[in-house]
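Residue numbers (our numbering): -11 to 348.
Okay, here's the thing in structure tokens:
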């Protein structure tokens, strides 16, 4: 993106120095269209600017929605350079289109939320039903949408469960850190909460892990940042119980603001009975409370487990096309390729119409 920005700014500075700023408003019917390039540049800068770490972490929604400008960016780049030159990158856009298409299909499914564990530290563990054949690696993440709170907002969360040890369950932990999470915990805490409509996209994660090549794993976290380490510890427990390979020592070092947040440590070990590998795991936990000198005894809360009623329309979390459904995959790739060919056929007509409407 730096090259695109430099490309645009160099031309603007050149036109300003040669008193030709009027060229910025030119939209040629043949050749390069300057206006289209400027619109694409502005869209690209907006996506680039919101991608910086500070903005992405503190204003994730701004980052997420700003990146939908990629549609404007791609369309106006085609108008800027012409359809012939744009064919160079359109095949890459086709693969991106397939990815978006598959993610859209998965996001339209309603998943089955089995239970919710509400912790004393204003955090909740959501447990979804999942297909046993779905496999994912530690530190994977999913996107969650709750239509009763917002139909547009999708939020990413780390998966804390282990796909091998907990074959029929997928779990995530959500800490009360904003308006969306606060509304979620309030709805789950209410006595009338019997069923929750949730959509899920994912999981996405690393293709492989390299935990076993180390002699010791030191995991430093703060607050809800401990959630990726929960999935790693559970993976090590499974490996310790199912194989004879050497398991590294594990030292989680967790810092919490309040003593109530120590309840997050209860999530390190799974509730399932398949914990036969715990005896082989050398686990030492160090936890620190940073904003309290002593526990608050008058504000003790207890863990609450809420069991939700299933709905006939809810489905367990599965891969986008189900388990090994190659027929569906072939149908989607074929249909998306046809749509891509139609897009290639329509774009020149759209370009011609726009160039005819817009004067020189």
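Virtual Cβ for every residue (Gly too), placed ideally from N, Cα, C.
Reduced DSSP category for residue i - H, G, I as helix; E, B as strand; rest coil
{"i": "residue 146", "result": "strand"}
{"i": "residue 78", "result": "helix"}
{"i": "residue -11", "result": "coil"}
{"i": "residue 30", "result": "helix"}
{"i": "residue 60", "result": "helix"}
{"i": "residue 210", "result": "strand"}
{"i": "residue 35", "result": "helix"}
{"i": "residue 0", "result": "helix"}
{"i": "residue 72", "result": "helix"}
{"i": "residue 329", "result": "helix"}
Contact set for residue i: own chain, Cβ-Cβ below 6 Å, skip 5 residues either direction
{"i": "residue 186", "result": "99, 101 and 134"}
{"i": "residue 241", "result": "208 and 274"}
{"i": "residue 205", "result": "236 and 238"}
Per-residue burial, residue i [other beta carbons within 10 Å of its own, 16 or more giving buried]
{"i": "residue 215", "result": "buried"}
{"i": "residue 208", "result": "exposed"}
{"i": "residue 276", "result": "exposed"}
{"i": "residue 153", "result": "buried"}
{"i": "residue 222", "result": "buried"}
{"i": "residue 232", "result": "exposed"}
{"i": "residue 132", "result": "buried"}
{"i": "residue 203", "result": "exposed"}
{"i": "residue 121", "result": "exposed"}
{"i": "residue 4", "result": "exposed"}
{"i": "residue 73", "result": "exposed"}
Under 8 Å between C-beta atoms of residue i and residue j
{"i": "residue 253", "j": "residue 273", "result": "yes"}
{"i": "residue 124", "j": "residue 25", "result": "no"}
{"i": "residue 188", "j": "residue 77", "result": "no"}
{"i": "residue 201", "j": "residue 235", "result": "no"}
{"i": "residue 30", "j": "residue 38", "result": "no"}
{"i": "residue -8", "j": "residue 324", "result": "no"}
{"i": "residue 212", "j": "residue 111", "result": "yes"}
{"i": "residue 96", "j": "residue 303", "result": "no"}
Endpoints, the beta strand (DSSP E) within which residue i is located
{"i": "residue 192", "result": "186 to 192"}
{"i": "residue 274", "result": "274 to 277"}
{"i": "residue 111", "result": "111 to 117"}
{"i": "residue 370", "result": "Any answer about residue 370 is impossible in this case: the structure gives the chain only from -11 up to 348."}
{"i": "residue 242", "result": "237 to 244"}
{"i": "residue 105", "result": "101 to 107"}
{"i": "residue 10", "result": "Unbroken run through residue 10: none, as it is neither H nor E."}
{"i": "residue 197", "result": "Run containing residue 197: none; DSSP gives neither H nor E here."}
Alpha helix (DSSP H) segment containing residue i, residue limits
{"i": "residue 131", "result": "Not the alpha helix (DSSP H): residue 131 falls in the beta strand (DSSP E), residues 129 to 133."}
{"i": "residue 230", "result": "215 to 230"}
{"i": "residue 173", "result": "167 to 177"}
{"i": "residue 46", "result": "41 to 46"}
Same chain, Cβ closer than 8 Å to residue i, five either side skipped, listed in chain order
{"i": "residue 320", "result": "86, 89, 90, 93 and 309"}
{"i": "residue 58", "result": "31 and 35"}
Spatial neighbours of residue i in its chain, beta-carbon cut-off 7 Å, leaving aside the 5 residues before and after
{"i": "residue 13", "result": "23"}
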